[in-house]
Structure formats: structure tokens, C-alpha cells
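The structure appears right after this line, and notes come after that.
Spelled out as C-alpha cells, the structure:
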């Protein structure tokens, strides 16, 4: 993709990234609201989290004990794994709820 | 005390009341005066005793008043302490509220390290190896922003400490289905580099042939990525699309696929990976990457300035298309993990300056192909012995082929077979014992059998 030969491609790329960031700033609010819902422990969410934890986290490495980390550390760690392993957001929220309720 | 006083008073009164009788009786006794004198003395003694008792009572009353005053003071002090405690509690509550407002930023230090020993059938000393130490930092802001970075510290054979930035990226969680990544990131091409290369996760001491440094699989890139997952019932579809600086050529005409701090030309790479889970325990994926790489217009000492776009009939193209594609599969259910990855790349013909040709030469197409299959099984469910449950046998076979550059091919084209036994001290601490056979494809290159030990800790 030669940007010198294709200025339109460069402009498209910049516009695309800009649009993504702008969209993100809007959608981010919704995402935060969705994340905040997980702050209230839901028994069903925890059950789903236990299942998702077993299926997803064990895909690449051994399962870590929930007791290894604090709530805040699990929060950050799950956010890291959400992007590293392409976890579905709903699975990441459920896994976080399970780990934070089990540590 | 008051009762005692009353009794004593009654006693004195009683004695006084008996005086007339005693006096009358004294008329008949031998010495009435003596009796009276004795009685008077006794009365005086009793009066003295009564006085003492009164003083004692007075003293007790004073003490009681003092005690009451002390009790009152204690009560006041307790009330004061209670008020102070309430104030302190309020203060702490306010501090907590303020700290909670400031806890939008959370961070976490993780990473891994390893060390080991390698003995080789080739000439040369067997050696302990320092391995590497990879601390990683995660900084999260609220629920939509995550910065993460990983360093890699190693010690060279000559004792020098090397420090590399594995990745440094900003993740912006746009919504449930998309995350924007900006910075230097691990390449999303294939699975091994992005997910499996940490030594506490990799089941074998080394990477599969072609999937480590200087292999076909890109290690990292610098640019932007859009990635995420879309749930589909019980399964999900995953994607990662990246626009980065892309690979560049080295002075031998090979292709370097580790992320550069800056691009050497205006050609950007475009690629990524899509994945799908037909069933929860099976993941299949496909990867693709395309880019342009430039030849060298000058030696490396003068810096790598690309000569993209200059095509001469006399010399040939000074930039070349680089394409990489592949697919992967992973079946991971309980103690059984099976993996397979395949990658193939081509770099078209390229005119460039090389070490052997300072005036430039036309290099033929460079092709690379690598694959591996790996199976591991944790003996956790076949024995009641705790020691046996921690064992995990693993087997891996892979091939790496290079065409179009003889020197590179001689150095790297090989079949590689690994046999290992892992002992998991803890879920993130592993000791690995293994054999590695490297069957080099160039007839002039001696094959290599390696005995390898490694201990690794993910923290």
C-alpha cells in the first residue's frame, strides 16, 4: 500500500482511524455503562463466568487460581486478556465477575 | 460503714442506759467508784472509737465523691473518644470516596522468566543459559482504555545485557465488538507469536522451526489494529485487522518481520487474522499479510533508505511485493491440547545492494514455508498420584523451508522433532525436560541433537 502513489489511500486511512476514534468516544460511553453493570454481582453471571473461564483461559495456559490476584488486578488482567485473546466482551465480563467473586 | 456506726452508737447508748443499774449494783460491790471509773473510761474509749468511725465514714464519703467525679470524667472522655471516632470514620469515608474517584487508573505488573541448560551433539561446550526476563505492565483507565507494554531482558553469549521492547500499545475498547489498538503490537498473524511464545505457556523450550526470531512468522509490527470478537450462539467469530509499517529487507535480501520503530518507506503492510470456533474447544483461523519491501540503495552504515518505485530495465524492481498467508487450528479440551499452524510467504524479485554485491544485484523470489503440529497431554486425570498428575508429555514435529537464498536456506531449512516431559510445580511454574532433533536440509550442514532443560515462571 504505497501512500505516495495513493494519496487517497492515505486520506482514507486517516479518515477511517479518525472515524473509529470518534465512534469510539461515543460508543465508549455505552461500553462503560455495560461494564459498570458487572459491578453488581449476579449469580448467573458468575456461573457463566466460571464456564467461560474454564473454556477460554485454559485454551492457551493453565488456569490461574482466582485467589492469586485482587479484584483490581483481575479487572486489569481480564481487560488485557480480552484484547490479547480476542475474548467476547460478555465473556470477559462474566469471567471477571467469577474471578472477583472467588478470590 | 454506716451500719457499723449505727451499731456502735446503739452499743454506746445501751451502755449509758445501764449505768444506773450498774451504779446501784455498785453499792453492793466492793468498790463502786472503781466500777464507775472503769465505765467512764470505757465510755471515753467508745466515744473515741466512734469519732474514728465518723472520720472513716467521712473519708469514705469523700472517696465516693472522688470516684463519682472520676466516673463522670471517664464518661466525658468516652463521649469525646466516640466523637473523635465518628470524625475519623467520616474522614476515612471521605478519603475512600476520593480514592475511589482516583482509582479510575489501575495497574498490574506481570511477566515471566526462564533459565535452563542446553547440551548439543555439535562441537562446542554444553551450557547453562540465562534465558530471559520479560516484565509486562498493564495500565487501565476506567473500562475503555488499556495501555500495555512488555520488555525483554536477555544476556548475550558474551555477557552483554540486551533490552528490547516486545510491545507498547494503547487499547481503546470502542464497544463490545471492537477494540482499537495503536502502537507496537505482537503480530496477529497465526497463533504462536501472539499467544503461545511466553516460555511458561510454550510447552517446549524452543519455538517451532520458522516460528521464532528470523523465521517466517512476524514477531511484531507498529501501526494500528482493529480487533475483537462477535458472539455467535455458543461460539464466536474473532478478527484482527492491522495496518502497520510492515516488514523490510535486510542486507542479504531476506525479510525482517519484527516491528520497526519507524518505517523505511511509505508502503504500509495490511493484514490480520480471522478465527472461528465451530465448537467451544476447537478454534480454526486464517491469516494474511501483504506489503511492499524495498531494496537497499546504500550500505547499512548509511542507513536503510528505501529506493521504492525506481524500476529500471537494466536492473529490475527496487521494491517487491511481500505476501504471507496461513491457517491454524487448536483443539484444547481439558488435559489434551493439539495444535497445528501453517504459514507460507513470498518476496518477489528485488534489485538491491548486498554484502556480496556493493553495486547491487537482482535477487530471485524468496519463498518461505513452515508448519508444525503439537500434542500435549496432562496426566491429571489418569492417576491418583499427585506427582504423576503434574506430568505432561509433549510431542511436536515441524518443517521449515526456504527457497531463493541459499545461505539462509542452509542456515535454517530443517525438519525439527521434539519430545518432552514437563513437570508443573504450580499452574504457572514449569520444568521442561526435552530432546530436540534438527535435521538440516542442506547436505553440508551437520544435524543437531539437543538435550534441553528449562524452568519457567509466569507471574
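Chains as they are written, first to last, in the numbering used here: chain F, 1 to 103; chain C, 1001 to 1459. Where a beta carbon is used, it is the ideal one built from N, C-alpha and C, also for glycine.
By the three-class DSSP mapping on this structure, what secondary structure does residue 1365 of chain C have? In the second chain, the residue the question calls residue 1365 of chain C occupies position 365. Reduced to three states, the DSSP call for residue 1365 of chain C is coil.
Do you know how far the Cα of residue 1242 of chain C is from the Cα of residue 1214 of chain C? Locating residue 1214 of chain C in the second chain gives position 214, where the first residue counts as 1. Locating residue 1242 of chain C in the second chain gives position 242, where the first residue counts as 1. Taking the Cα positions, residue 1214 of chain C is about 21 Å away from residue 1242 of chain C.
Taking the alpha-carbon positions, what's the residue 1207 of chain C to residue 1193 of chain C distance? Taking the first residue of the second chain as position 1, residue 1207 of chain C is located at position 207. Taking the first residue of the second chain as position 1, residue 1193 of chain C is located at position 193. Approximately 9 Å, taken between the alpha carbons.
If the criterion is Cβ atoms closer than 8 Å, does the pair residue 1405 of chain C and residue 1366 of chain C meet it? Along the second chain, read from residue 1 onward, the residue named residue 1405 of chain C stands at position 405. Along the second chain, read from residue 1 onward, the residue named residue 1366 of chain C stands at position 366. Contact: yes.
The alpha helix (DSSP H) enclosing residue 100 of chain F, as first and last residue numbers: What you label residue 100 of chain F is simply residue 100 of the first chain in a count that begins at 1. For residue 100 of chain F, the enclosing alpha helix (DSSP H) covers residues 89-102.
If I follow the unbroken beta strand (DSSP E) through residue 46 of chain F, where does it start and stop? For the purposes of this step, residue 46 of chain F is taken as the residue at position 46 of the first chain. According to the DSSP assignment, residue 46 of chain F belongs to no beta strand (DSSP E) but to the alpha helix (DSSP H) extending over 43-52.
Per DSSP, cross-strand counterpart(s) of residue 1141 of chain C: To locate residue 1141 of chain C, count along the second chain from 1; it is residue 141. Paired residue(s): C:1105, C:1145.
Provide the residue span of the alpha helix (DSSP H) that contains residue 1406 of chain C, from first to last. In the second chain, residue 1406 of chain C corresponds to position 406, counting from 1. Counting along the chain, the alpha helix (DSSP H) containing residue 1406 of chain C begins and ends at 1406-1412.
Below 8 Å on the Cβ atoms is my guess for residue 1203 of chain C versus residue 1374 of chain C; work out the distance and round it to an integer in Å. Position 203 of the second chain, counted from the start, is the residue given in the question as residue 1203 of chain C. Position 374 of the second chain, counted from the start, is the residue given in the question as residue 1374 of chain C. Rounded, the Cβ-Cβ distance is 7 Å, consistent with contact.
Beta-carbon separation (whole angstroms), residue 1216 of chain C vs residue 1210 of chain C, contact threshold 8 Å: Here the question's residue 1216 of chain C lines up with position 216 in the second chain. Here the question's residue 1210 of chain C lines up with position 210 in the second chain. Indeed they touch by this definition, with Cβ atoms about 5 Å apart.
Kindly indicate the opening and closing residues of the beta strand (DSSP E) around residue 1401 of chain C. Your numbering for residue 1401 of chain C matches position 401 in the second chain. Per DSSP, residue 1401 of chain C is one residue of the beta strand (DSSP E) stretching across 1391-1403.
Excluding the 5 residues preceding and the 5 following residue 96 of chain F in the sequence, name in chain order all residues of the same chain whose CB lies nearer than 8 Å to its CB. For the purposes of this step, residue 96 of chain F is identified with residue 96 of the first chain, where counting begins at 1. Same-chain partners within the cutoff: 38, 49, 74, 75, 78.
Please decide whether residue 1275 of chain C counts as near chain F, where near means a Cβ-Cβ distance under 8 Å. Sequence index remark: in the second chain, residue 1275 of chain C carries index 275 (1-based). For residue 1275 of chain C, the answer is yes, since a Cβ of chain F falls inside 8 Å of its Cβ.
For chain C, is any of its Cβ atoms less than 8 Å away from the one on residue 90 of chain F? Counting from 1 along the first chain, the entry for residue 90 of chain F is found at position 90. Yes, contact with chain C.
Span of the beta strand (DSSP E), counted from its first residue to its last, around residue 1438 of chain C: Locating residue 1438 of chain C in the second chain gives position 438, where the first residue counts as 1. Start and end: 1429-1440.
Which residue marks the beginning of the beta strand (DSSP E) containing residue 76 of chain F, and which one marks its end? By one-based count along the first chain, residue 76 of chain F stands at place 76. That residue, residue 76 of chain F, is in no beta strand (DSSP E); its alpha helix (DSSP H) goes 71-84.
Return helix, strand or coil for residue 1225 of chain C, following the three-state DSSP convention. Within the second chain, the letter at position 225 stands for residue 1225 of chain C. If DSSP states are grouped into helix, strand and coil, residue 1225 of chain C belongs with the strands.
Where do the N-terminal and C-terminal ends of the beta strand (DSSP E) with residue 1345 of chain C fall, by residue? Here residue 1345 of chain C is taken as the residue at index 345 of the second chain, counted from 1. Residue 1345 of chain C -> beta strand (DSSP E) spans 1336-1347.
Taking one C-beta from the region 1155-1163 of chain C and one from the region 1182-1191 of chain C each time, how about it: are there three or more such pairs within less than 8 Å? By the criterion of at least three beta-carbon pairs nearer than 8 Å, the region 1155-1163 of chain C is not in contact with the region 1182-1191 of chain C.
Short CB-CB distance (under 8 Å) between residue 102 of chain F and chain C: Here residue 102 of chain F refers to the residue found at position 102 of the first chain. Judged by the 8 Å Cβ criterion, residue 102 of chain F is not in contact with chain C.
Contact set for residue 1301 of chain C: own chain, Cβ-Cβ below 6 Å, skip 5 residues either direction: Within the second chain, the letter at position 301 stands for residue 1301 of chain C. Only weak support exists for where residue 1301 of chain C lies, its pLDDT of 39 falling under 50; the value from the coordinates is given anyway. The answer is none, since no qualifying residue turns up.
Going by DSSP, what residues sit across from residue 1150 of chain C in a beta bridge? Here residue 1150 of chain C corresponds to residue number 150 of the second chain, with the count starting at 1. Answer by DSSP bridge pairing, in chain order: C:1136, C:1167.
Residue 1165 of chain C and residue 1153 of chain C closer than 8 Å at C-beta: One-based indexing of the second chain puts residue 1165 of chain C at position 165. One-based indexing of the second chain puts residue 1153 of chain C at position 153. No, these two residues do not count as a Cβ contact at 8 Å.
Please report the distance separating the alpha-carbon of residue 1236 of chain C from that of residue 1331 of chain C. Sequence index remark: in the second chain, residue 1236 of chain C carries index 236 (1-based). Sequence index remark: in the second chain, residue 1331 of chain C carries index 331 (1-based). Cα to Cα, the separation comes out at about 15 Å.
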